[in-house]
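Before any comments, here is the structure.
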Amino acid sequence: MPISQLSQKKQSWRNEKAKKYYIDGRRNNQSGWKKHSTGPGKYKFRKHQNAFAFFLMKRIAILFAIIGLLATTCGFIIIVWITKDIPDPHKLMEREITQSTKIFDRTGKTVLYEIYGEEERTIVNLSEIPDYAKWATIAIEDKNFYKHQGFSALAMLRTLVTNILYNKKAGGSTLTQQFIKNAILTSEKTYTRKIKELVLAYKVEKNFSKDEILQMYFNEIPYGSTAYGIEAASQRYFGKSIRNINLPEAVILAALPQAPSRYSPYGPNKDLLIQRQHYILDLMLEQGYISEAKVEAAKQYKLKFKKPSANITAPHFVMYVKGLLSEKYGEKMIEREGLRIYTTLDLYKQKIAEEVVEDGMEKNKQYNANNSALTAIDPKTGEILAMVGSSDYFNEEIDGQVNITTSSRQPGSSIKPIVYAAAFENGYTPDTVLYDVVTNFSNNADEPYEPHNYDLKEHGPVTMKKALAGSLNIPAVKTLYLAGVNNVLDLAENLGYTTLSDRKRFGLSLVLGGGEVKLIEHVNAYSAFSREGKIYPITAILKVEDKNGHIIEESKSNKNKQTLKPETARIINNILSNNELRAYTFGTENWLTLGNRPVAAKTGTTNDYRDAWTIGYTPSIVVGVWVGNSDNTAMKRGAAGGVVAASIWNSFMKKVLGDTPIEYFNSPKDIK
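In terms of the working numbering, the sequence shown opens at residue 380 and continues consecutively.
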């Protein structure tokens, strides 16, 4: 018999034998096994047990069904109630007339800038908009636009998780939802508004085709200031119709709607706009819209923006304020809802600042310097009185729209007072002696660190006060070593510097400008010296009112903190205002004095003359000036802070202080 047949017969025999052993739940005892007890009592118990379990499961299922039905009914009723007054999707083009937002100076009498309520809009058909403009917008805003039914449940869930787990704002709106938010809903952030938005999005999708929705989106969305719709945006930023736009320009337009103020080509964040453009181009490549060659060509394309024609006063300050408002209230509110913004700007001081910067830069051309910035702050309140972010806001050759007062630059020796203040806070005195001799501060023989003084001389034993007054480099490094880098960084953080937080980057070169600071923060830090250790938050806005005159926000100028001992501040003031003490390096005739008016000042110059600084103050005003080149190229030798920046500072202080009463610093107790 073949093996296969033998196996089948054997298996059949096993099955027959199994039937004999297991029938109706009872074992056959023919094989000699013990019989299990299956008496009638145990059988009845199992029967009742199964019946009870079935009964319980049935009741639970009914309960859940009732709860589900009630929840569904309640949810439906709530949604119906919330959406009972939502507008008819067919009437989407009916608009409420918006009002312009006005930004005023501190008197409330002069309008610095007006964001027009009437929207600059030119309606265009979708067929007139180049494909790459559509692709760019869909790629960055809603890649599944042609697939969803008005909203994306997955995107909403992802947004919710991001908000809860990481406490970060994340966008989850589709193009349809964005259109509805801008067209007919308010800017309130509530669950009821979100429900209305979702219902409307669904209805719009049912009433209009995808292309019709996309066309309405392109004609509705704000692209910055008064430019509403992609045609108005194209005209504003590039001076031509959307029909004639090229790929890199189209991607720039697609980058704007998320945050028009933040990414404005005319604001301080032009670099962020370019980064976002590159990001969108990469998305378009990833999603199959364009080739890698086109991406690279678009990234290399030199963009030419139309010169702004808006009537604007103190443009850097206005854009700074607009950015603050945008972050706090959102684009829609600040550009549509008729706010009245009362700022801290002193227009008299602002005009003087602009004049002295312009005059100073004309004189500084001999040093190959093309840019300058100035900030003035009231140390008693932290209020910005004047802000000039560049020598010419509208000059594209120097990137004039970039606000140097809020940009990071190396401070040179102008950071030294912070280091010496930390030393005085930790027990050293103005009369502590340091040896000004060339010293190697490195433990690595292959990488010596031997800083030299500006005059390339050694001055032997000097006191800390003399070293600071004369801005000697070698004693300054020794002072930083004695004070401790971490102690200095602690003080810097307490004084409001936001650019020195990565402590691993900094060593002894910090005292010679090895870190980067922002002019506006640098000036406010010096205000702590002016006010005997007290410092106020930097303030640009006094009050914000809505269109009905109701106060939304108001500045409180009494919020200050003590960052230094009063005696430490007095010592710094005494040193920086002593012209005789610094004469051995600066000479008696310099730009750091104002006749018989007490004034404290410190200069700074970086390697190769790339940055030149002067920060100076009285008890009632602190002023900082920076001079350099926007592209970070070096100026000519001799373009020191005490020359190119101090001359501008001196001119501003003389004109602003004029015949005002002379103020004196309090004298320290322990200084000879």
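Glycine is no exception: its CB is placed at the ideal position from the N, C-alpha and C atoms. This structure is a prediction, so every number in the text was calculated from the model and none was measured.
- Message: Buried or exposed for residue 728, going by 16 or more other Cβ atoms inside 10 Å?
- Response: Locating residue 728 in the sequence shown gives position 349, counting from the first residue. Counting Cβ neighbours within 10 Å, residue 728 comes out buried, since at least 16 surround it.
- Take residue 998 as the anchor and find which of 678, 953 and 936 has the nearest alpha-carbon. By 1-based counting over the sequence shown, the position of residue 998 is 619. Ranking the options by Cα distance to residue 998, first place goes to 953.
- Task: Measure how close the beta-carbons of residue 622 and residue 507 come, nearest whole angstrom, since I'm counting them as under 8 Å.
- Result: Residue mapping note: residue 622 aligns to position 243 of the sequence shown, counting from 1. Residue mapping note: residue 507 aligns to position 128 of the sequence shown, counting from 1. Correct: roughly 5 Å between the Cβ atoms.
- For residue 976, name the three-state secondary structure that DSSP assigns. Within the sequence shown, numbered from 1, the residue matching residue 976 stands at position 597. DSSP places residue 976 in strand when its eight states are reduced to three.
- Task: Just the C-alpha distance for residue 514 and residue 524, rounded to the nearest angstrom, thanks.
- Result: Reading the sequence shown from its first residue, position 135 is the one you call residue 514. Reading the sequence shown from its first residue, position 145 is the one you call residue 524. Each residue's Cα considered, the two are about 11 Å apart.
- Three-way DSSP call (helix, strand, coil) for residue 760 in this model: Within the sequence shown, numbered from 1, the residue matching residue 760 stands at position 381. Reduced to three states, the DSSP call for residue 760 is coil.
- residue 991 - containing beta strand (DSSP E), residue span: Here residue 991 refers to the residue found at position 612 of the sequence shown. Here the beta strand (DSSP E) through residue 991 covers 990 to 996.
- Item | Top-ranked residue by Cα proximity to residue 830, from 847, 882, 887 and 804 | Sequence index remark: in the sequence shown, residue 830 carries index 451 (1-based). Closest option to residue 830, judged by alpha-carbon separation, among 847, 882, 887 and 804: 887.
- Item | Residues bridged to residue 924 [DSSP beta-bridge criterion] | One-based indexing of the sequence shown puts residue 924 at position 545. Beta-bridge pairing links residue 924 to 719 and 930.
- Query: So does the region 915 to 923 actually touch the region 1006 to 1018, counting three or more Cβ pairs closer than 8 Å?
  - Reply: The region 915 to 923 is not in contact with the region 1006 to 1018.
- Item | CB of residue 813 within 8 Å of CB of residue 759, strictly | Stepping through the sequence shown from its first residue, residue 813 is reached at position 434. Stepping through the sequence shown from its first residue, residue 759 is reached at position 380. No.
- Just confirm the distance between the C-beta atoms of residue 751 and residue 739, as a whole number of angstroms; I'd bet it's less than 8 Å. Here residue 751 corresponds to residue number 372 of the sequence shown, with the count starting at 1. Here residue 739 corresponds to residue number 360 of the sequence shown, with the count starting at 1. Between residue 739 and residue 751 the Cβ distance is about 6 Å, and since that is below 8 Å, they are a contact.
- Would you decide whether residue 405 is buried or exposed? Buried here means 16 or more other CB atoms lie within 10 Å of its CB. Position 26 of the sequence shown, counted from the first residue, corresponds to residue 405. Unreliable placement is indicated for residue 405, whose pLDDT of 45 sits below 50; no coordinate value is reported for it.
- Task: Please name the residue in 931, 591, 792 and 630 whose C-alpha comes closest to that of residue 708.
- Result: The sequence position of residue 708 within the sequence shown is 329, counting from 1. Of the candidates 931, 591, 792 and 630, the one whose C-alpha sits nearest the C-alpha of residue 708 is 931.
- Could you name the residues that DSSP lists as bridge partners for residue 914? Sequence index remark: in the sequence shown, residue 914 carries index 535 (1-based). Partner(s): 940.
- Query: When we look at the beta-carbon of residue 644 and count the other beta-carbons within 10 Å, is it buried (16 or more) or exposed?
  - Reply: Against the sequence shown, residue 644 aligns to sequence position 265. In the assembly as shown, residue 644 is a buried residue. Its beta-carbon has 16 or more other beta-carbons within 10 Å.
- Query: Where does residue 1007 sit, in a helix, a strand or coil, going by DSSP?
  - Reply: Walking along the sequence shown from the start, residue 1007 turns up at place 628. Note: residue 1007 maps to strand in three-state DSSP.
- Could you tell me which of 873, 638, 599 and 500 sits nearest to residue 620, measuring between CA atoms? Taking the first residue of the sequence shown as 1, we reach residue 620 at position 241. For the residues 873, 638, 599 and 500, the minimum Cα distance to residue 620 belongs to 500.
- Kindly give me the distance between the Cβ atoms of residue 1001 and residue 756, rounded to whole angstroms, as I take these residues to be in contact under 8 Å. For the purposes of this step, residue 1001 is taken as the residue at position 622 of the sequence shown. For the purposes of this step, residue 756 is taken as the residue at position 377 of the sequence shown. Confirmed, Cβ separation roughly 5 Å.
- Task: Identify whether residue 501 lies in helix, strand or coil by the three-state DSSP scheme.
- Result: Walking along the sequence shown from the start, residue 501 turns up at place 122. Reduced to three states, the DSSP call for residue 501 is coil.
- Query: By how many angstroms is the C-alpha of residue 875 removed from the C-alpha of residue 627?
  - Reply: Stepping through the sequence shown from its first residue, residue 627 is reached at position 248. Stepping through the sequence shown from its first residue, residue 875 is reached at position 496. One C-alpha to the other measures close to 39 Å.
- Message: Using only the alpha-carbon positions, how far apart do residue 657 and residue 664 sit?
- Response: Stepping through the sequence shown from its first residue, residue 657 is reached at position 278. Stepping through the sequence shown from its first residue, residue 664 is reached at position 285. Approximately 11 Å between the Cα atoms of the pair.
- Measuring only between beta-carbons, confirm whether residue 952 sits less than 8 Å from chain C. In the structure shown, chain C cannot be found, because there is only a single protein chain.
- Query: Which residue's Cα is closest to the Cα of residue 951: 975, 988 and 845?
  - Reply: Residue numbering aside, residue 951 sits at position 572 when the sequence shown is read from its first letter. Of the candidates 975, 988 and 845, the one whose C-alpha sits nearest the C-alpha of residue 951 is 845.
- On the DSSP bridge assignment, give the partners of residue 957 in chain order. Counted from its first residue, the sequence shown places residue 957 at position 578. In DSSP, residue 957 forms no bridge with anything.
- Item | Pick from 712, 723, 714 and 765 that is closest to residue 736, judged by C-alpha positions | Numbered from its first residue, the sequence shown carries residue 736 at position 357. If we check each option's Cα against that of residue 736, 765 comes out closest.
- Query: What residue ranges within the region 791 to 825 form continuous beta strand (DSSP E) runs of no fewer than 3 residues, ordered along the chain?
  - Reply: 812 to 815
- Message: Assuming contact is defined by CB atoms lying nearer than 8 Å, are residue 926 and residue 557 in contact in what I supplied?
- Response: Looking up residue 926 in the sequence shown gives position 547. Looking up residue 557 in the sequence shown gives position 178. In this structure, residue 557 does not lie closer than 8 Å to residue 926 by Cβ.
- Contact check, residue 561 vs residue 711, beta carbons under 8 Å: Against the sequence shown, residue 561 aligns to sequence position 182. Against the sequence shown, residue 711 aligns to sequence position 332. Yes, Cβ-Cβ distance for residue 561 and residue 711 is below 8 Å.
- Query: Do residue 629 and residue 512 have their C-beta atoms within less than 8 Å of each other?
  - Reply: Within the sequence shown, residue 629 is the residue found at index 250, counting from 1. Within the sequence shown, residue 512 is the residue found at index 133, counting from 1. The answer is yes: Cβ separation under 8 Å.
- By a C-beta neighbour count over all protein chains shown, 10 Å radius and 16 as the cutoff for buried, is residue 436 buried or exposed? Your numbering for residue 436 matches position 57 in the sequence shown. Label assigned to residue 436: exposed.
- Message: Measuring only the C-alpha atoms, how far is residue 993 from residue 866?
- Response: Here residue 993 is taken as the residue at index 614 of the sequence shown, counted from 1. Here residue 866 is taken as the residue at index 487 of the sequence shown, counted from 1. Each residue's alpha carbon lies about 24 Å from the other.
- Task: Mind checking who residue 677 pairs with in its DSSP beta bridge?
- Result: Numbered from 1 along the sequence shown, position 298 holds the residue referred to as residue 677. None; residue 677 has no bridge partner.
- Item | Where residue 666 falls: helix, strand or coil (DSSP) | What you label residue 666 is simply residue 287 of the sequence shown in a count that begins at 1. The answer is coil: DSSP assigns residue 666 none of H, G, I, E or B.
- What are the boundary residues of the beta strand (DSSP E) that residue 491 is part of? Here the question's residue 491 lines up with position 112 in the sequence shown. Unbroken beta strand (DSSP E) run through residue 491: 490 to 494.
- For residue 557, which three-state DSSP category applies? One-based indexing of the sequence shown puts residue 557 at position 178. Helix, per DSSP.
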